[in-house]
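Worksheet: the structure to be examined is printed underneath.
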Amino acid sequence: MTDNWQKLGDITQRITDRLAPVVINVELAGPIAVALYAEAMKSGIKPETLAAEAVRSYLGDAA
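Using the numbering used here, the letters of the sequence shown correspond one by one to residues 3 to 65.
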């Protein structure tokens with residue numbers, strides 16, 4: 003039987019590196035920005051929340 007134990011710090015570092023958030027700023031202009039803003043106001047949510055949810059919906063499990 004082999005000893006496959008790893009230091010907790012090593013495992014934690016590998017996991018937290020994968021969970022670190024990535025921030026991307028996007029600027030929208032023109033009709034798409036107007037439509038996004040109008041839909042967000044109609045739904046009562048922030049435009050950035052609507053954009054994030056749309057991307058998450060498009061990417062599916064990858065997001």
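The beta carbon of each residue, even a glycine, is placed where N, CA and C say it ideally should be.
Given the structure is predicted, the values throughout are model-derived calculations rather than measurements.
Where D12 is concerned, the enclosing alpha helix (DSSP H) starts and stops at L10 to L21. Taking C-beta separations shorter than 8 Å and ignoring five residues to either side along the sequence, the partners of L52 in its chain run L38, E41, A42 and S45, following chain order.
In this model, T18 and V25 are separated by some 16 Å (Cα to Cα). Counting along the chain, K44 sits inside the alpha helix (DSSP H) bounded by residues P33 to S45.
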